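Residue numbers (the UniProt record's numbering): 1 to 706.
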């Protein structure tokens, strides 16, 4: 039985009330309040009925803070927010250890999280037992269409049995939920709906376990029960308890080990739920339970009576109900399915997990889960490292017990907070926390798709990219003030990002860049955070560092590389003037930064580079270095090596053309490169109309050197 701490006023029912026959026309199932008021509450002019949750990630904390700041400034731009969620939904795939989210409601909720590793955690779904605040918590969740649709399906299953589930959620009172039947069907219906929402956004469990009546919902999460079977199992269980002749019972939560409390218990009181090594639930006769609680409290030991509707769950006090419970549930589950290995049983000792009772999701299994002890603590010994527990309940019932078993270092996420004013806000924040720990929720699946044909600003995707200079720093790329990112690196970065947006590998993506203008070349010490803005319709491109504009241009997918790459010959076999260059030559010294060696040149006088030339490079499997080497050919004769491209008319990349040559080569591939005027070409790469100059940063650095 769950150790939910509920209002003591509802903790115990009179025996005559509890044993009375459940009437189909009673208050719980005949609420006739207005059906539509809830869905037509006056909403904020600014914020929608479902607040927008946006999740991001980055390589530094500053990256995440910057993105969250931009999200808050553009909170009304649905297309922008949607694009952000699509781009950053999986921080582990992106290699980002810093993650964060922001919930755009009247009071912004945000959180930034620093992960300790890039290993994806295993998600553990935990399903608690009963909780009296289910209706209150579920009411605001009806704003979420996926949740509401699931609840409506459960309501349809229960309608023939006289249960008006929607009315219970919208208008139910504490008195309504003081009925075992109402509480059971509410519990399972809400847990099914929460599970459906998580599945809809791509969050499914690696491990499942439940506490007491929560095992019913485990069957649904495991796929062993349909939603209809699960909710009707809850009904059959509640119906059977109401109709059975069981003695009055009670339960209490106690902060003592089971063996200690067993010695302290008065007659007819037993430890029944072994929650942790020092936290136990006891069950027995109501008078003796109350006496035991008073005595323990006098010893300054935590002890509290639990509201269990007058039943002593998990004890002999439910023995009379067993036959009726089995009969009711067998009608709902006539052919039980096998439980999967990811569902860990808490109602059967581990030593008996191979028994026939433990194998299937049967009526007998569920009756055992209600009438016999709960071995909750045994599960935690079976859990692997690197897990995140997610409590599938509106009240965070088991949070304290789970943390006691696992310790503070294991992340635990409760889908809602007990006593929260707005459960929907808390639920959405919990999805943000799942993102932060590496769960990769598809948050956009929650929201109605935004119209694609909006104003131009809405078609832009902005990506924050951080360049780390701590590794592979090339000395000649350094200035007195720091490290400079090469022009080739910017081009390859754009190429890779466009491929990622198209969900393709960049080496299988042909792209065309036009009218590329370098406005600045920022210098950084350790890392450089860039904002890349690409208009998905027009291809217009901007790269910024904060408010500093670095690069503008246009980037598009190239449908036919033959139409964009010139047909100038790259055949060097007939050239009789090719000269072998030594590694110590002036030209190779200039190319040292790019890690490429020029093997051949068709003229020894490489200073005169205004004329057409043919070159051969040895491929080293590095696109940035290769393209950088091609660009450096233009500046080998310039003093100080301080020139930087200021403009490129056109740049075409068709990587498979070059890789075909590489794959056919024996040993290191020899790649031909032709320069003709301000243009340069290799197989699959062509850069035309390139112009050089001294950018502001280079002018400053050059003066320092002089």
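Each residue gets a CB set at the ideal place from its N, CA and C atoms; glycine is no exception. Values in this document were obtained by computation on a predicted structure and should not be read as measured data.
Runs of beta strand (DSSP E) lying entirely within the stretch 44–70, each at least 3 residues, in chain order: Restricted to the stretch 44–70, the beta strand (DSSP E) segments that are unbroken, complete and at least 3 residues in length are 52–58, listed in chain order.
Span separating the alpha-carbon of residue 685 from that of residue 73: Here residue 685 refers to the residue found at position 685 when the chain shown is read from its first residue. Here residue 73 refers to the residue found at position 73 when the chain shown is read from its first residue. Approximately 40 angstroms, taken between the alpha carbons.
Contact set for residue 93: own chain, Cβ-Cβ below 8 angstroms, skip 5 residues either direction: Here residue 93 corresponds to residue number 93 of the chain shown, with the count starting at 1. Shown here for residue 93: same chain residues with a beta carbon closer than 8 angstroms to its own, the five before and five after excluded, namely 440 in chain order.
Proximity winner among 211, 54, 187 and 519, relative to residue 692 (alpha-carbon distances): In the chain shown, counting from the first residue as 1, residue 692 sits at position 692. The shortest Cα separation from residue 692 among 211, 54, 187 and 519 belongs to 519.
Contact under 7 angstroms by Cβ, residue 268 with residue 284: As a working mapping, residue 268 is identified with position 268 in the chain shown. As a working mapping, residue 284 is identified with position 284 in the chain shown. Result yes, Cβ atoms of residue 268 and residue 284 sit closer than 7 angstroms.
Under the three-state DSSP convention, the category residue 430 falls into: Here residue 430 is taken as the residue at index 430 of the chain shown, counted from 1. It is helical.
Inter-residue CB distance, residue 123 and residue 390 (contact presumed, cutoff 8 angstroms): Position 123 of the chain shown, counted from the first residue, corresponds to residue 123. Position 390 of the chain shown, counted from the first residue, corresponds to residue 390. Their Cβ separation, rounded to whole angstroms, is 6 angstroms, which keeps residue 123 and residue 390 in contact under 8 angstroms.
Enclosing alpha helix (DSSP H) for residue 327 [first to last residue]: As a first step, residue 327 is located in the chain shown; it is residue number 327 there, counting from the start. Where residue 327 is concerned, the enclosing alpha helix (DSSP H) stretches over 322–332.
Proximity to residue 501 [Cα-Cα], best of 536, 169 and 354: In the chain shown, counting from the first residue as 1, residue 501 sits at position 501. Considering only alpha carbons, the answer is 536.
Residue closest to residue 85, alpha-carbon to alpha-carbon, out of 111, 55, 78 and 59: Position 85 of the chain shown, counted from the first residue, corresponds to residue 85. Comparing Cα-Cα distances from residue 85 to each of 111, 55, 78 and 59, the minimum goes to 55.
Sequence ranges, alpha helix (DSSP H) only - wholly within the stretch 212–259, length at least 4: Listed in chain order, they are 215–222 and 227–243.
Limits of the unbroken alpha helix (DSSP H) element including residue 280: Taking the chain shown and counting its residues from 1, the one referred to as residue 280 is at position 280. Premise fails: residue 280 lies in the beta strand (DSSP E), 279–284, not in any alpha helix (DSSP H).
Boundaries (first-last residue) of the alpha helix (DSSP H) holding residue 183: For the purposes of this step, residue 183 is taken as residue 183 along the chain shown, with counting starting at 1. Residues 180–200.
Residue 373, buried or exposed, once every other Cβ within 10 Å from all chains shown has been counted against 16: The count along the chain shown starts at 1 and reaches residue 373 at position 373. Its Cβ being crowded by 16 or more others within 10 Å, residue 373 is buried.
Beta-carbon proximity of residue 244 to residue 320, cut-off 7 angstroms: Counting from one through the chain shown, the residue named residue 244 turns up at place 244. Counting from one through the chain shown, the residue named residue 320 turns up at place 320. Against a cut-off of 7 angstroms, the Cβ pair of residue 320 and residue 244 comes out as a contact.
Exposure label - residue 688; buried when at least 16 CB within 10 Å: Taking the first residue of the chain shown as position 1, residue 688 is located at position 688. Label assigned to residue 688: buried.
Between the CA atoms of residue 652 and residue 592 - distance to the nearest angstrom: In the chain shown, the residue the question calls residue 592 occupies position 592. In the chain shown, the residue the question calls residue 652 occupies position 652. Below a pLDDT of 50, predicted positions are generally treated as unreliable, and residue 592, at 44, falls in that range; the measurement from the model is reported next regardless. In a straight line, the C-alpha of residue 592 is about 25 angstroms away from that of residue 652.
Per-residue DSSP class, three states only, for residue 646: If you number the chain shown from 1, residue 646 lands on position 646. Looking at residue 646 - three-state DSSP - the assignment turns out to be strand.
Cβ-based neighbour list, residue 277, same chain, cut-off 7 angstroms, excluding 5 preceding and 5 following: Taking the chain shown and counting its residues from 1, the one referred to as residue 277 is at position 277. So the qualifying residues of the chain are 257 and 377.
Exposure of residue 175, with buried meaning 16 or more beta-carbon neighbours within 10 Å: Your numbering for residue 175 matches position 175 in the chain shown. Counting Cβ neighbours within 10 Å, residue 175 comes out exposed, since fewer than 16 surround it.
CB-CB length for residue 237 against residue 184, believed under 8 angstroms: By 1-based counting over the chain shown, the position of residue 237 is 237. By 1-based counting over the chain shown, the position of residue 184 is 184. Confirmed, about 6 angstroms.
Assigned secondary structure, residue 691 (DSSP; H/G/I helix, E/B strand, else coil): Locating residue 691 in the chain shown gives position 691, counting from the first residue. For residue 691, the secondary structure class from DSSP, reduced to helix, strand or coil, is strand.
Continuous alpha helix (DSSP H) stretch holding residue 516: start and end: For the purposes of this step, residue 516 is taken as the residue at position 516 of the chain shown. Per DSSP, residue 516 belongs to no alpha helix (DSSP H); it is in the beta strand (DSSP E), 511–518.
The stretch 393–402 contacting the stretch 293–300, beta-carbon criterion three pairs below 8 angstroms: No: the two stretches stay apart, fewer than three of their Cβ pairs being nearer than 8 angstroms.
Check whether residue 76 and residue 128 have beta carbons under 7 angstroms apart: Numbered from 1 along the chain shown, position 76 holds the residue referred to as residue 76. Numbered from 1 along the chain shown, position 128 holds the residue referred to as residue 128. When the beta-carbon positions are compared, residue 76 and residue 128 stay at least 7 angstroms from each other.
Sub-7 angstroms separation of residue 432 and residue 89 beta-carbons: By one-based count along the chain shown, residue 432 stands at place 432. By one-based count along the chain shown, residue 89 stands at place 89. Contact: no.
Three CB pairs or more closer than 8 angstroms across the stretch 342–356 and the stretch 407–417: These segments do not touch.
Residue 113 versus residue 415: straight-line alpha-carbon distance, rounded: Start at 1 with the first residue of the chain shown, and residue 113 comes out as number 113. Start at 1 with the first residue of the chain shown, and residue 415 comes out as number 415. Residue 113 and residue 415 have their C-alpha atoms roughly 18 angstroms apart.
Cβ separation of residue 668 and residue 619, assumed to be a contact under 8 angstroms, to the nearest whole Å: Numbered from its first residue, the chain shown carries residue 668 at position 668. Numbered from its first residue, the chain shown carries residue 619 at position 619. 6 angstroms between Cβ atoms; contact.
Contact between the stretch 308–327 and the stretch 158–172 (3+ Cβ pairs under 8 angstroms): Contact between the stretch 308–327 and the stretch 158–172 is absent, because fewer than three Cβ pairs lie under 8 angstroms.
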